[in-house]
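K.L.:
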Amino acid sequence: MRSGARRGQEQRMGKCFNTTGLCRPEMHYMVNIDGRLERMGIMVDNGVYFTVSRARQYGKTTALRLLKKRLSDNYVVLSISLEGVEKEVYESTISFCRRICRLLYNAARYGGITGIPDRLLSELCQMKSGDTNLADLADFISELCASSARRVVLIIDEVDQASDKEVFMSFLGMLRNQFLNRDERPAFWSVVLASVYDIKNLKLRIRPDAEHHYNSPWNIAEDFTPDMNFSTKDISGMLSEYETDHHTGMDICEMAALIYDYTGGYPFLVSRLCKILDSLDLTPAWNREGMTEAVKSLLMEENPLFDDMTKKLDDLPELEKILYAVLFKGEKIPYSPDNYAVNIGLMFGFLKNSGGAVAISNRIFETRLYNLFLSREALESGIYKAAAIDGNRFICEGQLDMELVLERFVEAFNEIYSDAAKPFVEENGRRFFLLFLKPIINGVGNYYVEARTRDMRRTDIIIDYRGRQYVCELKIWHGDEYNRRGEQQLCGYLEDYGLDIGYLISFNFNKNKKTGVSRRMAGDKVIVEAVV
4 MRSGARRGQE QRMGKCFNTT GLCRPEMHYM VNIDGRLERM GIMVDNGVYF
54 TVSRARQYGK TTALRLLKKR LSDNYVVLSI SLEGVEKEVY ESTISFCRRI
104 CRLLYNAARY GGITGIPDRL LSELCQMKSG DTNLADLADF ISELCASSAR
154 RVVLIIDEVD QASDKEVFMS FLGMLRNQFL NRDERPAFWS VVLASVYDIK
204 NLKLRIRPDA EHHYNSPWNI AEDFTPDMNF STKDISGMLS EYETDHHTGM
254 DICEMAALIY DYTGGYPFLV SRLCKILDSL DLTPAWNREG MTEAVKSLLM
304 EENPLFDDMT KKLDDLPELE KILYAVLFKG EKIPYSPDNY AVNIGLMFGF
354 LKNSGGAVAI SNRIFETRLY NLFLSREALE SGIYKAAAID GNRFICEGQL
404 DMELVLERFV EAFNEIYSDA AKPFVEENGR RFFLLFLKPI INGVGNYYVE
454 ARTRDMRRTD IIIDYRGRQY VCELKIWHGD EYNRRGEQQL CGYLEDYGLD
504 IGYLISFNFN KNKKTGVSRR MAGDKVIVEA VV
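Using the numbering used here, read the sequence shown as starting at 4 and increasing by one per residue.
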C-alpha cells in the first residue's frame, strides 16, 4: 500500500493531474484535445476571426497555448493575455495602446517567434513607451502583416478582464475595421479571442440600452461551437495513460463512466476528481468507494469555481430563483436565449439546455447547490433537527439503515407538518426529505437527484454511502394506477443499478390515508414504502 507521502514523491518524478493554471502534456495527465485543436486550426486557415467563449476553468488557456504551438510552423502567432492588466491602463487610449504594444513585443521577443523583421521589433519597442494611439497601432499592424515572412495570427486570452472598458471596445472596433478592409490594407489573418462572456455582446455590458444591445464592435467574429466537455472516451484515454504509469488495477471504463456521470465532462471537475482519487490513502482507491470519497471531498472544499457560483447567485437573484425552482420544485423552465438570468447560467456553466428546458449542468453543481440552499435553512428547520438528534442511530455496521431512515422521517414529518397547508407540503416535500437526510449522511455519503425523473410529481434520489447505493423515489400520491407505474419505473432503476431493494416515499394527502412504512415484493424486487 502506498502512503500519501510516497504517492506525492512518485508524482513529482512523473506526471500528475493538474487543476491550477496551464496544463502541459509533458507534465500533466490530460485529455487528448487534438480534435478541438484541429477544428480551431481549420478556422485559422480559413482566415476566420472567432471567439472561444466557455465557462471558467474550462481549459481555454491550455487549448490556446497548444493551438499556438500547432500553428507556429505556418504562421507568425502573437499570443497575449489581458490577465493582470491594471485598471489604470484602461483610463486612456495612450496607456492602453502602450500596454498592447508591450504585450505584443514580449510575445514576439520572448515567444520564440521568427519571421518578424528586426526593424519592426525595434519600432514596437519604441511604441510601448511612446505616445501611441489606436491609429498608430493600426498602421503598425498593417505594416507588420505586410512585412512578416508568414501570415500573422493574433490570440488574446482573458478578454473578460477588459470587457467593460470603453477603450477596449475601441480597440476591437479598430480590429473590426481592419478585417472589413483587409482586401485593401494588410490585417491580421485571423484573430482568436477567449473569454467567459460572449464577446459579440460586450457592448451590452457597458450600456445596456436598446441602442447598443446589438451594436457590438466584434460582430464580425464567428463562434467556436464544438463541445469542449470531456466525453467518457476522452476520460478513458487519460485514465489509460495514468494506469500505464501506476498499475492500480482500476476498471478504466467503469471509472471513466462514473467521473462523467458526476461531472458531465466539465474539464476542471474531471481533473479535480482524478487528482483527489490519486491522493486518497485507500487500497484500492480507483473504484466506487473511492469515487464516493472523492466526490465527498470535492463537495466540501472551497475553490474558485464554487466561489464564483456563490457570487453569481448573490449578484443575480433571478438566477438563484431559477435554480431553486428547478431543484426543489421540479419546474420545467423553457430555455430562452433572451432570458438574461438563463443566459448567465449557461455562460458560466451552471445550467444547460436539455431538450428545450433549463437543467443543472452536472451532478456536482447540483449537489453543491442543494447543499447551499439547504444550509441556509437547516438550523431553523424542525425536520433537520429531528434527524440530527438521532445521530448515529441510522448507521448499522458502517452502513446506512434506509428503512429506519424512512420510519423516522414519517414520524418526524407527521409531528411537524401534519397541520401545514397541503400546497405548502406538496411543493416542499422533496426539500423536507433532503433536509432530513443531510445530517444523517453528511461527511460520509453523497446524494444526487436523477435528472430523468425530476418533476413536480416524482423524483428519484440516488444516495451513495460508503460505496453502496440506495435508490429512493419521492412522489405525490395520485391514485393506485399512478403508483403502480411509478413502482415499475423504480424497479427499472433498481435493475440499472444492480440493486434488489428500493425505497419509496409517498406524500398522500387523502384524509383516510394510512401512514407508516411497509414492505412488499414487485416482481423480484423488494419495495420499502413510506407513506406520509
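Beta carbons: idealized from backbone N, C-alpha and C, even for Gly.
Between which two residues does the alpha helix (DSSP H) holding residue 292 run?
P.N.:
Indexing the sequence shown from 1 puts residue 292 at position 289. Element bounds for residue 292: 291 to 303.
K.L.:
Where are the beta strand (DSSP E) runs, 3 residues long or more, that stay fully inside the region 153 to 209, in chain order?
P.N.:
Counting whole runs of 3 or more residues, the region 153 to 209 contains the beta strand (DSSP E) stretches 155 to 160 and 193 to 198.
K.L.:
Please name the residue, chosen from 112, 234, 248 and 197, that lies closest to residue 225 on a Cα-to-Cα basis.
P.N.:
Taking the first residue of the sequence shown as 1, we reach residue 225 at position 222. Among 112, 234, 248 and 197, the Cα nearest to that of residue 225 is on 197.
K.L.:
Do residue 368 and residue 351 have their CB atoms nearer than 7 Å?
P.N.:
Taking the sequence shown and counting its residues from 1, the one referred to as residue 368 is at position 365. Taking the sequence shown and counting its residues from 1, the one referred to as residue 351 is at position 348. Against a cut-off of 7 Å, the Cβ pair of residue 351 and residue 368 comes out as no contact.
K.L.:
In the DSSP assignment, find the unbroken alpha helix (DSSP H) run with residue 327 in it and report its ends.
P.N.:
On the sequence shown, position 324 is the one that residue 327 refers to. It spans 320 to 331 - the alpha helix (DSSP H) in which residue 327 sits, taken as one unbroken run.
K.L.:
Buried or exposed for residue 399, going by 16 or more other Cβ atoms inside 10 Å?
P.N.:
Indexing the sequence shown from 1 puts residue 399 at position 396. Looking at its Cβ environment, which holds fewer than 16 other Cβ atoms inside 10 Å, residue 399 is exposed.
K.L.:
Run through DSSP, which three-state label would residue 21 get?
P.N.:
In the sequence shown, residue 21 corresponds to position 18, counting from 1. DSSP places residue 21 in coil when its eight states are reduced to three.
K.L.:
Would you list, in sequence order, the uninterrupted beta strand (DSSP E) runs of no fewer than 3 residues that lie entirely inside the region 345 to 378?
P.N.:
354 to 357 and 360 to 363
K.L.:
Do the region 98 to 111 and the region 81 to 89 make contact, defined as three or more Cβ pairs closer than 8 Å?
P.N.:
With three or more CB-CB distances shorter than 8 Å, the region 98 to 111 counts as touching the region 81 to 89.
K.L.:
Go ahead and pull the three-state DSSP assignment for residue 34.
P.N.:
Sequence index remark: in the sequence shown, residue 34 carries index 31 (1-based). Residue 34: coil per DSSP, three-state reduction.
K.L.:
Might you give, ordered along the chain, the residues of its own chain that have their beta carbon closer than 6 Å to the beta carbon of residue 356, omitting 5 neighbours on each side?
P.N.:
Translated into positions along the sequence shown, residue 356 becomes position 353. Same-chain partners within the cutoff: 338.
K.L.:
When burial is assigned at 16 or more other CB atoms within 10 Å of the CB, is residue 281 buried or exposed?
P.N.:
For this step, residue 281 is matched to residue 278 along the sequence shown. Buried.
K.L.:
Leaving out five residues on either side along the sequence, give the residues of the same chain with a beta carbon under 6 Å from the beta carbon of residue 439.
P.N.:
For the purposes of this step, residue 439 is taken as the residue at position 436 of the sequence shown. Answer for residue 439: 386, 390 and 412, listed in chain order.
K.L.:
Could you say which of 503, 171, 150 and 406 lies nearest to residue 189 if we only look at CA atoms?
P.N.:
Position 186 of the sequence shown, counted from the start, is the residue given in the question as residue 189. With distances taken between Cα atoms, residue 189 lies closest to 150.
K.L.:
Using a Cβ-Cβ cutoff of less than 8 Å, which residues in the same chain neighbour residue 116 once the five nearest sequence positions on both sides are dropped?
P.N.:
Taking the first residue of the sequence shown as position 1, residue 116 is located at position 113. The residues are 75, 79, 80, 81 and 110.
K.L.:
Count the other CB atoms, across all protein chains shown, that sit within 10 Å of the CB of residue 521; report buried if there are 16 or more and exposed otherwise.
P.N.:
For the purposes of this step, residue 521 is identified with residue 518 of the sequence shown, where counting begins at 1. It is exposed - the Cβ of residue 521 has fewer than 16 other Cβ atoms within 10 Å.
K.L.:
Can you tell me whether DSSP reads residue 229 as helix, strand or coil?
P.N.:
Here residue 229 is taken as the residue at index 226 of the sequence shown, counted from 1. If DSSP states are grouped into helix, strand and coil, residue 229 belongs with coil.
K.L.:
Under 7 Å between C-beta atoms, does residue 127 make it to chain D?
P.N.:
No chain D is present in this structure, which holds just one protein chain.
K.L.:
I believe residue 77 touches residue 153 by the beta-carbon criterion, under 8 Å. Please report the beta-carbon distance rounded to the nearest angstrom.
P.N.:
Translated into the one-based positions of the sequence shown, residue 77 becomes position 74. Translated into the one-based positions of the sequence shown, residue 153 becomes position 150. The beta-carbon separation of residue 77 and residue 153, rounded to 6 Å, stays under the 8 Å limit for a contact.
K.L.:
For residue 23, count neighbouring Cβ atoms within 10 angstroms of its own Cβ and tell me buried if that reaches 16, exposed if not.
P.N.:
For the purposes of this step, residue 23 is taken as residue 20 along the sequence shown, with counting starting at 1. When all chains shown are included, residue 23 counts as exposed.
K.L.:
Grab the span of the beta strand (DSSP E) containing residue 82 for me, first residue to last.
P.N.:
One-based indexing of the sequence shown puts residue 82 at position 79. Going by DSSP, residue 82 is part of the beta strand (DSSP E) stretching over 79 to 84.
K.L.:
Using only the alpha-carbon positions, how far apart do residue 200 and residue 519 sit?
P.N.:
Looking up residue 200 in the sequence shown gives position 197. Looking up residue 519 in the sequence shown gives position 516. Rounded to the nearest whole angstrom, the C-alpha separation of residue 200 and residue 519 is 52 Å.
K.L.:
In whole angstroms, give me the CA-to-CA distance for residue 135 and residue 305.
P.N.:
Locating residue 135 in the sequence shown gives position 132, counting from the first residue. Locating residue 305 in the sequence shown gives position 302, counting from the first residue. About 43 Å.
K.L.:
Our contact map puts residue 302 next to residue 371 with C-beta atoms below 8 Å; I'd like the distance itself, whole angstroms only.
P.N.:
As a position in the sequence shown, residue 302 is number 299, starting the count at 1. As a position in the sequence shown, residue 371 is number 368, starting the count at 1. Contact flag correct, Cβ pair sits at about 6 Å.
K.L.:
Using CA atoms only, rank isn't needed, just tell me which of 529, 466 and 514 is closest to residue 490.
P.N.:
Looking up residue 490 in the sequence shown gives position 487. Comparing Cα positions, the closest option is 529.
K.L.:
Taking a contact to mean a Cβ-Cβ separation below 7 Å, would you say residue 193 touches residue 55 in this structure?
P.N.:
As a working mapping, residue 193 is identified with position 190 in the sequence shown. As a working mapping, residue 55 is identified with position 52 in the sequence shown. No.
K.L.:
In angstroms with no decimal places, state the Cα-to-Cα distance between residue 285 and residue 43.
P.N.:
Here residue 285 refers to the residue found at position 282 of the sequence shown. Here residue 43 refers to the residue found at position 40 of the sequence shown. Spanning the two alpha carbons is a distance of roughly 41 Å.
K.L.:
Exposed or buried, what is residue 392 when buried is set at 16 or more other beta-carbons lying within 10 Å of its beta-carbon?
P.N.:
Looking up residue 392 in the sequence shown gives position 389. So residue 392 counts as exposed.
K.L.:
Pull up the distance between the alpha-carbon of residue 416 and that of residue 422, whole angstroms please.
P.N.:
Start at 1 with the first residue of the sequence shown, and residue 416 comes out as number 413. Start at 1 with the first residue of the sequence shown, and residue 422 comes out as number 419. Taking the straight line from one Cα to the other gives about 10 Å.
K.L.:
Return the residue from the list 274, 497, 486 and 442 that minimises the CA-CA distance to residue 453.
P.N.:
Position 450 of the sequence shown, counting from 1, holds the residue named residue 453. In terms of CA proximity to residue 453, 497 leads the group 274, 497, 486 and 442.
K.L.:
Please report the residue range of the beta strand (DSSP E) in which residue 53 lies.
P.N.:
Looking up residue 53 in the sequence shown gives position 50. 53 to 56 is the span of the beta strand (DSSP E), which, as asked, contains residue 53.
K.L.:
Looking at the unbroken alpha helix (DSSP H) that takes in residue 505, where does it start and where does it end?
P.N.:
For the purposes of this step, residue 505 is taken as the residue at position 502 of the sequence shown. Segment 504 to 510 is the beta strand (DSSP E) holding residue 505; no alpha helix (DSSP H) there.
K.L.:
Hey, how far is the Cα of residue 458 from the Cα of residue 41?
P.N.:
What you label residue 458 is simply residue 455 of the sequence shown in a count that begins at 1. What you label residue 41 is simply residue 38 of the sequence shown in a count that begins at 1. Residue placement at residue 458 is poorly supported in this model, since its pLDDT is 48, which falls under 50; the coordinates are not used for a value here.
K.L.:
Please state whether DSSP places residue 124 in a helix, a strand or coil.
P.N.:
Working through the sequence shown from its first residue, we reach residue 124 at position 121. Residue 124: helix per DSSP, three-state reduction.
K.L.:
Could you spell out where the alpha helix (DSSP H) holding residue 148 opens and where it closes?
P.N.:
As a first step, residue 148 is located in the sequence shown; it is residue number 145 there, counting from the start. 137 to 150 is the span of the alpha helix (DSSP H), which, as asked, contains residue 148.
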